[in-house]
Structure formats: structure tokens, C-alpha cells
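4 protein chains.
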Amino acid sequence: MNKEVFKLPIRVYYEDTDAGGIVYYANYLKFAERARTEFLRWGGFEQAEDLSSEERYAFIVRKAEVEYLKPSKLDDLIEVSCEIEEIKGAGIVCKQDVICNGEVRVKIKVTAVYISLAKMRPMRVPEEMVKAFIGG
Amino acid sequence: MNKEVFKLPIRVYYEDTDAGGIVYYANYLKFAERARTEFLRWGGFEQAEDLSSEERYAFIVRKAEVEYLKPSKLDDLIEVSCEIEEIKGAGIVCKQDVICNGEVRVKIKVTAVYISLAKMRPMRVPEEMVKAFIGG
Amino acid sequence: MNKEVFKLPIRVYYEDTDAGGIVYYANYLKFAERARTEFLRWGGFEQAEDLSSEERYAFIVRKAEVEYLKPSKLDDLIEVSCEIEEIKGAGIVCKQDVICNGEVRVKIKVTAVYISLAKMRPMRVPEEMVKAFIGG
Amino acid sequence: MNKEVFKLPIRVYYEDTDAGGIVYYANYLKFAERARTEFLRWGGFEQAEDLSSEERYAFIVRKAEVEYLKPSKLDDLIEVSCEIEEIKGAGIVCKQDVICNGEVRVKIKVTAVYISLAKMRPMRVPEEMVKAFIGG
Numbered sequence: 086m087n088k089e090v091f092k093l094p095i096r097v098y099y100e101d102t103d104a105g106g107i108v109y110y111a112n113y114l115k116f117a118e119r120a121r122t123e124f125l126r127w128g129g130f131e132q133a134e135d136l137s138s139e140e141r142y143a144f145i146v147r148k149a150e151v152e153y154l155k156p157s158k159l160d161d162l163i164e165v166s167c168e169i170e171e172i173k174g175a176g177i178v179c180k181q182d183v184i185c186n187g188e189v190r191v192k193i194k195v196t197a198v199y200i201s202l203a204k205m206r207p208m209r210v211p212e213e214m215v216k217a218f219i220g221g
Numbered sequence: 086m087n088k089e090v091f092k093l094p095i096r097v098y099y100e101d102t103d104a105g106g107i108v109y110y111a112n113y114l115k116f117a118e119r120a121r122t123e124f125l126r127w128g129g130f131e132q133a134e135d136l137s138s139e140e141r142y143a144f145i146v147r148k149a150e151v152e153y154l155k156p157s158k159l160d161d162l163i164e165v166s167c168e169i170e171e172i173k174g175a176g177i178v179c180k181q182d183v184i185c186n187g188e189v190r191v192k193i194k195v196t197a198v199y200i201s202l203a204k205m206r207p208m209r210v211p212e213e214m215v216k217a218f219i220g221g
Numbered sequence: 086m087n088k089e090v091f092k093l094p095i096r097v098y099y100e101d102t103d104a105g106g107i108v109y110y111a112n113y114l115k116f117a118e119r120a121r122t123e124f125l126r127w128g129g130f131e132q133a134e135d136l137s138s139e140e141r142y143a144f145i146v147r148k149a150e151v152e153y154l155k156p157s158k159l160d161d162l163i164e165v166s167c168e169i170e171e172i173k174g175a176g177i178v179c180k181q182d183v184i185c186n187g188e189v190r191v192k193i194k195v196t197a198v199y200i201s202l203a204k205m206r207p208m209r210v211p212e213e214m215v216k217a218f219i220g221g
Numbered sequence: 086m087n088k089e090v091f092k093l094p095i096r097v098y099y100e101d102t103d104a105g106g107i108v109y110y111a112n113y114l115k116f117a118e119r120a121r122t123e124f125l126r127w128g129g130f131e132q133a134e135d136l137s138s139e140e141r142y143a144f145i146v147r148k149a150e151v152e153y154l155k156p157s158k159l160d161d162l163i164e165v166s167c168e169i170e171e172i173k174g175a176g177i178v179c180k181q182d183v184i185c186n187g188e189v190r191v192k193i194k195v196t197a198v199y200i201s202l203a204k205m206r207p208m209r210v211p212e213e214m215v216k217a218f219i220g221g
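And the structure:
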């Protein structure tokens with residue numbers, strides 16, 4: 086795949102805002118997951134297939150660090166990026182920015198683990214995924 | 086069980102509101118389901134047990150009718166009632182009110198069906214549940 | 086505007102699903118509102134402008150009727166339509182379908198009222214909106 | 086106030102879970118905010134009053150760090166703690182744990198800033214709040 090950073094455009098709707106008039110802080114983690122999902126799909130991977138397999142594979146988030154720099158408002162059209170910093174064993178580290186008008190509003194770092202939900206056990210990230218996203 | 090109407094107190098948090106400064110309309114269906122869940126628990130039924138059985142039993146909503154009479158705001162302490170109007174075969178009809186300071190703010194009518202998620206097929210509502218909630 | 090029915094494509098993400106493995110019933114009202122918002126935008130109306138005006142204009146839902154015909158799952162690509170059935174005074178009635186692979190999964194009817202949040206009072210739906218969506 | 090750690094009991098409902106069968110990762114930030122809100126209320130502070138003042142005071146989260154140690158499931162009864170680590174100028178740092186059966190499942194650290202939403206400017210945390218929660 087090319088080296089351009091993946092970005093998903095997301096519109097801010099009423100459901101995303103709160104009585105403070107800005108996007109509710111937890112919802113950026115929803116946006117971040119939409120971007121990770123579309124990033125995986127862009128690489129050819131469908132999470133629903135993984136989930137409906139016998140082992141019920143899924144990425145589970147182990148750690149999320151979120152820095153809120155500027156608020157977003159109703160109707161804002163934001164972009165959420167997704168870059169993989171590292172894949173190692175069962176673990177994957179993603180760096181994600183929420184951007185609007187060229188300005189970074191939220192910085193997110195997510196550490197996830199690929200697991201079998203059936204066994205609740207970490208599994209090595211599939212080789213095709215490593216190849217697709219890291220190369221080698 | 087006694088004939089008093091079941092009511093669950095629910096506090097309105099930031100997550101429930103939107104940029105209009107009031108509770109987002111979809112969230113009343115969340116409140117209603119919390120009340121139905123606690124109503125079932127009050128009658129001795131745990132949905133998690135049903136869901137983790139081999140058949141994966143669950144109530145699925147077939148129809149929801151919601152009338153929004155007055156808005157709710159941040160920090161409001163509301164009550165959500167749950168009364169069963171009818172149980173018939175796999176179907177159950179609940180009447181639910183969202184009340185604050187003795188005033189009905191939202192009226193909800195929910196028709197649900199008891200199904201096996203494993204087979205995606207309607208199942209007769211368990212006899213113990215009918216007995217507990219309807220008597221007979 | 087042309088007479089084609091407006092449809093917004095929406096992807097089902099993890100956030101939309103529940104432990105039953107299907108889209109949580111309240112979330113269809115979120116999808117419906119996204120479609121109504123994009124329908125208004127398609128007609129040239131931005132809700133954020135209305136909300137940031139002195140009167141703080143917004144549509145408030147008075148009634149929602151939802152019929153759930155078939156469940157949706159993770160990664161499904163659904164479409165949510167929006168058609169105006171009626172505009173009269175402050176009121177507007179929308180008919181919305183959730184469609185996947187040509188099949189209607191959820192049918193929604195929403196009655197909303199255009200209000201001034203500052204005065205908490207219904208206001209006549211703006212003439213330009215009536216013209217844009219109904220004609221005349 | 087006494088030195089016992091504040092804990093809010095929270096029940097896990099269908100709305101909180103996802104198709105993986107566990108609580109969706111973003112929702113712990115909702116739980117954490119419920120606990121912070123009740124912690125403030127326990128100290129005598131109502132956020133709705135702050136928000137409806139002319140300045141529209143509110144705490145805005147600047148940073149959230151979340152460590153997910155164990156998943157939670159439907160019907161789990163969890164407790165969410167809230168301890169203030171530091172109050173300094175406009176900033177406040179909270180340490181929060183999600184606990185079930187004596188086991189810490191999620192560790193959360195939230196840095197928030199007290200701001201005037203009207204001016205979008207940080208404001209010193211009110212003296213009464215510092216006194217109530219830190220003493221001195």
C-alpha cells in the first residue's frame with residue numbers, strides 16, 4: 086500500500102454533542118474506532134468475518150491515551166487519521182489524529198491486542214495484516 | 086408480585102444531552118431498556134443468563150412508539166416506569182413513562198419478541214415469566 | 086429539487102451493536118437523525134447556523150414510531166432514506182426507511198416541531214424550507 | 086469530607102455492550118464521567134447550575150488515559166471510583182478505577198480544566214471546590 090496517511094471524514098451530528106455545545110469527550114473514541122475499522126477495510130480486512138469465525142477474533146483495546154486540544158461543534162466536518170506505529174506479537178499500536186481545517190484537535194494513541202473472544206486469549210496478529218500494513 | 090408500578094430512577098448526565106441543551110431523543114429508548122431490564126431483574130430474571138445459554142435467548146424490540154411531551158435537562162432526576170400490557174406467545178407489550186416531578190415527559194410503548202438468537206426464531210415467553218408478571 | 090428519495094449510506098460499526106450481536110434498537114434513531122440532517126443540508130439548510138442564532142432554532146422530535154423488521158449486523162452497509170410527508174405550521178412529518186440489499190429492515194416515522202430553544206416555543210417552519218422540500 | 090474513596094455503582098446494560106459481547110471501550114469514559122458528576126454532587130456541587138450561569142462554566146477534559154485490564158459483560162455490577170490527585174489553577178486531575186468483585190478492571194486518569202464556555206477560557210477552580218475536596 087502507498088505511504089499516504091489514511092483519513093476518514095466524519096460529520097458531527099447532534100448525537101455526538103452534549104449540553105456544553107461541543108462533542109462529548111467519549112465520542113472521539115467512537116470516531117477513532119470507525120477510522121481504524123475503515124483503515125482495516127482499506128487494507129482488505131473485514132472485522133465482521135473475524136468476529137463470525139469460530140474463534141471470534143477481534144481487536145481489544147488495552148490502552149487509550151487521548152489529548153483534547155480544541156473542541157468540535159455540531160456540523161463540523163472532521164477527519165480522523167490512522168497510522169500503525171508498531172505491530173508486535175498480538176499487539177498493535179495506532180496513532181490517530183482528529184483534524185479539522187488543517188488543525189489537529191484531538192490526538193489519540195491506541196494500543197490493541199488481537200484476541201480470540203472464544204478463548205479470551207491473545208493471538209498473533211495475522212501475517213497478511215502485518216504484510217499489508219507494515220510490509221516486509 | 087404486588088401491583089405497584091415498577092419505576093427506575095435515572096439521573097441525566099452529560100452523555101445523555103445534546104447541543105440543544107436537552108436529552109437527545111434516542112436516549113429515552115436507552116432509559117426505557119434500563120427500566121425493562123431492572124423490571125425483569127425485580128421479577129427474578131437475569132437477561133445475561135438467557136444470553137449466555139446455548140440458544141442465546143433475548144427480547145428483541147419489534148416496535149417502539151415514543152411521544153415526547155416535555156424535554157429533560159442535565160442533572161434532572163427522572164423515573165422510568167414499566168408495566169406489562171400483554172404477553173401472548175412470543176410477544177410482550179410494555180407501557181413505559183418517563184416522569185419528573187410528577188409530570189409525564191415521555192410516553193413509550195414497546196412491543197418485543199422473545200427469540201433464540203442462535204436460531205433467529207421467536208420462542209414462547211417462558212411460563213415463569215408470564216406467571217411472575219401477569220399471574221394466573 | 087428532484088423527486089428522487091434522499092438516501093444516506095451508513096456503515097454499522099462496533100459502537101452501534103450490542104451483546105446480542107445486532108444493532109442496538111435505539112441507534113436506529115441516531116441513524117435516522119443523521120439522514121434527516123443530511124437531507125436538510127442537501128436542501129441547503131445547516132442546523133448549526135439555526136442553533137447558533139439568537140433564538141437557537143432547532144427541530145425537536147415530538148413523536149417517533151419505529152418498526153423493526155430485520156436486524157442489522159457489524160459491517161453492514163445500510164441506507165437510510167428521508168421523505169417529507171407533511172409540513173404544516175411548526176410541524177413536519179418524515180418517513181424514513183432503513184434499507185440493506187434492497188430490503189427494508191426498519192421503518193421510522195418521525196414528527197418534529199420547529200422551535201425556538203431560547204423561548205421553548207414552536208415557530209413556523211421557514212418558508213424557504215417549505216419551498217425547497219414541498220415546492221409551491 | 087471523610088477520606089473514604091468515592092465509588093458509584095453502575096449496572097452494565099445492553100446499550101453499554103457491543104457485538105464482541107463486552108462493554109464497548111468508549112463507554113468507560115461515560116461511566117467515569119457519571120462517577121465524577123456524582124462525586125461533585127456528593128461534595129455539594131451541581132454542574133447544571135454552573136452550565137446555566139451566564140458564563141456557562143463546565144469542566145472540559147484535556148487528557149484521558151485509559152488502561153483496560155479485564156472486560157465487563159452484560160448485567161455486571163461495577164463500581165467506579167473517583168479520587169482527586171491534584172487541583173491547580175484551572176486544572177484538576179482525577180484517578181478513577183472501574184472495579185468488579187474487588188478486582189480493578191479499568192484504570193482511568195482524567196485531566197480536566199474548568200472553563201467558561203461563554204468565553205472559551207480557563208477559569209480558576211472555585212475556592213469552595215478546592216476546600217471541599219482538598220481541604221486547607
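Chains as they are written, first to last, in this note's numbering: chain D, 86 to 221; chain G, 86 to 221; chain H, 86 to 221; chain A, 86 to 221.
Even glycine gets a Cβ: it sits at the ideal position worked out from N, Cα and C.
Restricting attention to G:Ser157, G:Thr122, G:Glu139 and G:Gly129, the CA atom closest to the CA of Asn112 (chain G) is found in G:Ser157. According to DSSP, Ser166 (chain D) shares a beta bridge with D:Lys92. Among the CB atoms of chain G, one or more fall inside 8 Å of the CB of Glu152 (chain H).
Using a Cβ distance threshold of 8 Å, Val191 (chain A) and Ile95 (chain A) do not count as a contacting pair. The Cβ neighbour count for Ala143 (chain G), taken over all protein chains shown within 10 Å, is at least 16; the residue is labelled buried.
In terms of CA proximity to Glu213 (chain H), H:Glu131 leads the group H:Glu139, H:Glu131 and H:Ile163. Contact check for Leu114 (chain D) and Tyr99 (chain A): beta-carbon distance about 19 Å, past the 8 Å limit, so the pair fails to qualify.
If you look at Ala111 (chain D), you'll find it isn't in any alpha helix (DSSP H); DSSP assigns it neither H nor E. Counting only Cβ-Cβ distances below 7 Å, Val146 (chain G) has contacts in chain H at Tyr110 and Tyr153, in chain order. What Leu202 (chain G) touches in chain H, judged by beta-carbon distance under 7 Å, is Gly105 and Gly106, going in chain order. The beta carbon of Val189 (chain G) lies closer than 6 Å to those of Asp182 in the same chain, with the five residues before and after it left out. Going by DSSP, Asp135 (chain H) is part of no beta strand (DSSP E) but of the alpha helix (DSSP H) stretching over Gln132 to Ser137. Secondary structure note for Val215 (chain A): its alpha helix (DSSP H) is the uninterrupted segment Glu212 to Ile219. Glu152 (chain D) carries a strand assignment under DSSP once its states are collapsed to helix, strand and coil.
In the three-state DSSP reduction, Arg121 (chain G) falls in the helix class (H, G or I). One Cα belongs to Asp161 (chain G), the other to Glu134 (chain D), and the distance between them is close to 42 Å. Restricting attention to H:Ile200, H:Gly176, H:Met208 and H:Lys180, the CA atom closest to the CA of Lys92 (chain H) is found in H:Lys180. Residue pairing of Asp182 (chain H) in beta bridges, as defined by DSSP: H:Lys192. Interface flag for Thr122 (chain H) against chain D is set, since a Cβ pair is found closer than 8 Å. Across the structure, Ile145 (chain G) and Val215 (chain D) are spaced so that their CA atoms are roughly 39 Å apart. The Cβ neighbour count for Ile107 (chain D), taken over all protein chains shown within 10 Å, is at least 16; the residue is labelled buried. Shown here, Glu100 (chain A) sits in a helix according to DSSP, grouped into three states.
The Cβ atoms of Ala175 (chain H) and Tyr199 (chain H) sit closer than 8 Å to each other. Chain-ordered listing is empty here: chain G has no CB closer than 8 Å to the CB of Glu118 (chain D), the nearest sitting near 17 Å. Tyr113 (chain H) is outside the set of residues whose beta carbon lies under 8 Å from a beta carbon in chain A.
Considering only A:Val90, A:Val97 and A:Glu123, the residue with the shortest C-alpha distance to Cys185 (chain A) is A:Val97.
For the segment 89 to 105 of chain A, the set of residues with a beta-carbon nearer than 8 Å to any beta-carbon of chain H comprises Tyr99, Glu100, Thr102, Asp103, Ala104 and Gly105, in chain order. By a beta-carbon distance limit of 8 Å, Glu150 (chain G) contacts Glu150 (chain H). Their separation comes to about 5 Å. The Cβ neighbour count for Ile177 (chain D), taken over all protein chains shown within 10 Å, is at least 16; the residue is labelled buried.
When rounded, the separation of the alpha-carbon atoms in Cys167 (chain D) and Arg121 (chain D) is 6 Å.
Counting other Cβ atoms within 10 Å of its Cβ, Glu123 (chain G) reaches 16 or more and is therefore classed as buried. Counting the other Cβ atoms within 10 Å of the Cβ of Gly105 (chain A) gives 16 or more, which makes it buried. Closer than 8 Å to the CB of Leu125 (chain H) there is not a single CB belonging to chain G.
Val210 (chain A) and Ile172 (chain A) have their C-alpha atoms roughly 8 Å apart.
The secondary-structure analysis by DSSP pairs Arg206 (chain D) across a beta bridge with D:Ser201. Ranked by Cα distance from Ile193 (chain H), the options G:Arg147, G:Ile219, G:Thr102 and G:Asp101 are led by G:Arg147.
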